[in-house]
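S.K.: In this note's numbering, the protein residues as written are 3 to 638. Using N, Cα and C, we set each Cβ at its ideal position, and we do this for glycine too.
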């Protein structure tokens, strides 16, 4: 008779997680697949899962955070920094704690990143009904708030009997570790079932080493793609996040050099090819470099590798509409977005097979020369922007000049610094101007463009890469939205450098609002509704971000200009705990070079003449698919 172990459902779940392992690709050592669990305990998870986590705290660390959404962002960023090879779990209470995870679940889903969500749930027995924090559905007694996770999870299950874990957990591991399916998994855990005991087969808890399989390409697909390339004279390779996660950097570089194909990158793929490589065109699309966008606009073929081809990359499908699209993607859903030629495969293996099939074929020599000239010209533009140190008296710096100061400060650590960002103007500026030679040196969440990801995400990156300097760059709006994990970073001893660019509002959306003919309204603090009897002529209060960060245990200071910023960055690098630097910026100035048209619908009818004029321009731009709307004003 097979040996059994009597455990509660929660104890069995935690013990199973402890048994999952992965082999480190560099050292070959076995490591836990789950590096830990972030938990905010409450009604529905403290008694059952909390007790189980305590029993295994030496093998599966439990981390306390300050906000449920933020701790999930931290877990997601940890997995992204590990190229999806290691991950974390997150547990919450049954009510607001659970629903606070929904934004993070959607973010992980959009970005194809693994995270295991373990929200508590109501009583299956319904003995106490309704319980504290229970949302009652008047037409369905089986529904709880956790059903919201069905649309934002790659796999969802509610464990209403302990033994259901025998099938649910292997399915969850499959989704979390499969390159094509990868995304958030939600296992809703009713609190009474968490506490129920069952006799588990001991074999269920045997250690398992997960292999991240690389799907090879089909020969017919490779042959079709190779023929499409042979028919082309002006190809461009567009590298996305899937290429980065597959470790395809060397394969892409060798492909580009062997066949004379220039390389452009998406937000998620930035860093795959070193910034100074002669065939590196820079980023593509709305936030793109002029080199990449100019060549993409004239390309007759785009080889899209590991990208989901979203509108910021494609200029709302207008940037390279005349080119034939060949997709190479491990996910069939994404592979089908391009055109009639697809390779369904791992990016590294697919690029290698395609290169072998092409043999000595090369793109037109004049095209390669033009690409190298354009790439060099773009690097010169970046140099010019990021080298500015002195500004005219009374001129506030803008994001590009601050990025330059941050990059100058890293000196010998240039190859190891990791910049983290997410939403607002900074994704556009960082994608254009940040320079990295190392895959993973640029960590941007722009699939969901989620304000508030930055500090929590930076903590996850630092936990994954503790020996590297992690620099979080964000605006005042994102800081105010979600900042409490500064305290968590101090508590855990994971130092971040946080640079807050204070433009007193939602600057990028203010520009978008005005570019669409709207009046400045409800974005900048000076344009918001205020209680005159409280604020008087001085308007909205000034926020002291440095004082706020110091109150959470960080070191912090406010600086007035680029020179003071450079001095503060030196102090921040020498510090041993999280260090915040705040600086006032001008939201009206942006990097005008690069960019392309982006489809943002303008009202057909309006009392405002500016809106009517913007609508006329929009209709012309939409018809012609040309960048008539200034790209630097439309970053969202």
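Specify the secondary structure class of residue 444 as computed by DSSP and reduced to three states.
M.R.: Strand, per DSSP.
S.K.: Give the straight-line distance between the Cα atoms of residue 88 and residue 35, rounded to the nearest whole angstrom.
M.R.: Answer to the nearest angstrom: the Cα atoms are 5 Å apart.
S.K.: Report the residue from 263, 386, 395 whose alpha carbon sits nearest the alpha carbon of residue 364.
M.R.: The residue with the shortest Cα to Cα distance from residue 364 is 263.
S.K.: Does residue 350 come out as helix, strand or coil in the three-state DSSP assignment?
M.R.: If DSSP states are grouped into helix, strand and coil, residue 350 belongs with the helices.
S.K.: Counting pairs of Cβ atoms below 8 Å between the segment 583–599 and the segment 399–414, do you hit three or more?
M.R.: With the cut-off at 8 Å, the segment 583–599 and the segment 399–414 touch.
S.K.: Within 8 Å, do at least three Cβ pairs link the segment 39–48 to the segment 423–432?
M.R.: No: the two stretches stay apart, fewer than three of their Cβ pairs being nearer than 8 Å.
S.K.: Three-state secondary structure (DSSP) at residue 633?
M.R.: At residue 633, the pLDDT of 42 sits below 50, so the modelled position is not reliable; the number obtained from the coordinates is stated separately. Three-state result, residue 633: helix.
S.K.: Spell out the partners DSSP gives residue 526 in its beta bridges.
M.R.: Per DSSP, 507.
S.K.: By the 10 Å Cβ neighbour count, where 16 or more other Cβ atoms means buried, how is residue 56 classified, buried or exposed?
M.R.: Exposed, because fewer than 16 other Cβ atoms sit within 10 Å of the Cβ of residue 56.
S.K.: I think residue 278 touches residue 255, with their Cβ atoms under 8 Å apart; what is that distance to the nearest whole Å?
M.R.: About 12 Å; that fails the 8 Å criterion.
S.K.: Three Cβ pairs or more, each shorter than 8 Å: is that satisfied between the segment 442–454 and the segment 102–117?
M.R.: Taking 8 Å as the limit for Cβ pairs, the verdict is that the segment 102–117 does touch the segment 442–454.
S.K.: Using the beta-carbon count (16 or more within 10 Å), is residue 646 buried or exposed?
M.R.: No statement about residue 646 is possible, as the shown extent of the chain runs from 3 to 638 and does not include it.
S.K.: Helix, strand or coil for residue 499? Go by DSSP, reduced to three states.
M.R.: Here residue 499 sits in strand by DSSP.
S.K.: Going by C-alpha to C-alpha distance, which of 515, 190, 473, 218 sits closest to residue 346?
M.R.: If we check each option's Cα against that of residue 346, 218 comes out closest.
S.K.: Extract the residue ranges of the beta strand (DSSP E) inside the segment 550–600, only unbroken runs of 3 or more that lie entirely within it.
M.R.: Within the segment 550–600, the complete beta strand (DSSP E) runs of at least 3 residues are 557–561, 581–586.
S.K.: Going along the chain, which residues of its own chain have a beta-carbon closer than 7 Å to the beta-carbon of residue 162, five neighbours each way excluded?
M.R.: For residue 162, where only same-chain residues beyond five positions count, the Cβ hits under 7 Å are 126, 192, 195.
S.K.: Can you look up residue 141 in the DSSP assignment and give me helix, strand or coil?
M.R.: Reduced to three states, the DSSP call for residue 141 is coil.
S.K.: Cα-Cα, which of 355, 606, 354, 307 is closest to residue 338?
M.R.: Nearest C-alpha to residue 338: 307.
S.K.: In this structure, what does DSSP give as the bridge partners for residue 212?
M.R.: 24.
S.K.: Have a look at residue 476 and residue 508 and give me their C-alpha separation to the nearest angstrom.
M.R.: Their backbone Cα atoms lie some 11 Å apart in a straight line.
S.K.: Could you have a look at residue 623 and say whether DSSP puts it in helix, strand or coil?
M.R.: Three-state result, residue 623: helix.
S.K.: Mapping the DSSP letters down to three states, classify residue 200 as helix, strand or coil.
M.R.: Reduced to three states, the DSSP call for residue 200 is strand.
S.K.: Just grab the DSSP bridge partners of residue 39 for me.
M.R.: Looking at the DSSP assignment, residue 39 forms a beta bridge with 64, 91.
S.K.: How many Å lie between residue 637 and residue 503 at the Cα?
M.R.: Below a pLDDT of 50, predicted positions are generally treated as unreliable, and residue 637, at 41, falls in that range; the measurement from the model is reported next regardless. Roughly 16 Å separates the two Cα atoms.
S.K.: Who are the near neighbours of residue 71 in its chain, counting only those whose CB is closer than 6 Å to its CB and skipping five residues on each side?
M.R.: Excluding residues within five positions, the ones whose Cβ falls inside 6 Å are 102, 105, 106.
S.K.: Let me know if residue 229 comes out buried or exposed under the rule of 16 or more other beta-carbons within 10 Å of its beta-carbon.
M.R.: It counts as exposed.
S.K.: Cβ of residue 603 within 7 Å of Cβ of residue 519?
M.R.: No. Outside cutoff.
S.K.: Based on Cα-Cα distance, which residue from 251, 561, 93, 212 lies nearest to residue 31?
M.R.: Residue 31 has its Cα closest to that of 212, out of 251, 561, 93, 212.
S.K.: What is the residue span of the alpha helix (DSSP H) that residue 56 lies within?
M.R.: Counting along the chain, the alpha helix (DSSP H) containing residue 56 begins and ends at 50–57.
S.K.: Please report how far the alpha carbon of residue 160 lies from the alpha carbon of residue 522, in whole angstroms.
M.R.: Going from the Cα of residue 160 to the Cα of residue 522 covers about 47 Å.
S.K.: Pick out whichever of 627, 577, 612, 130 has its Cα sitting closest to the Cα of residue 601.
M.R.: Ranking the options by Cα distance to residue 601, first place goes to 627.
S.K.: Give me the Cα-Cα distance between residue 215 and residue 468, rounded to the nearest whole angstrom.
M.R.: Straight-line Cα distance between these residues: approximately 27 Å.
S.K.: Tell me which residue opens and which closes the beta strand (DSSP E) that residue 284 is part of.
M.R.: Looking at the DSSP string, the run of the beta strand (DSSP E) that includes residue 284 is 282–285.
S.K.: I'd like the list of long-range same chain contacts for residue 4, defined as Cβ closer than 8 Å, with 5 residues on each side in sequence excluded.
M.R.: Counting only Cβ-Cβ distances below 8 Å, and skipping sequence neighbours, we find 203, 204, 205.
S.K.: Evaluate contact between the segment 323–343 and the segment 281–291, counting only Cβ atoms and requiring at least three cross-stretch pairs below 8 Å.
M.R.: Segments in contact, no.
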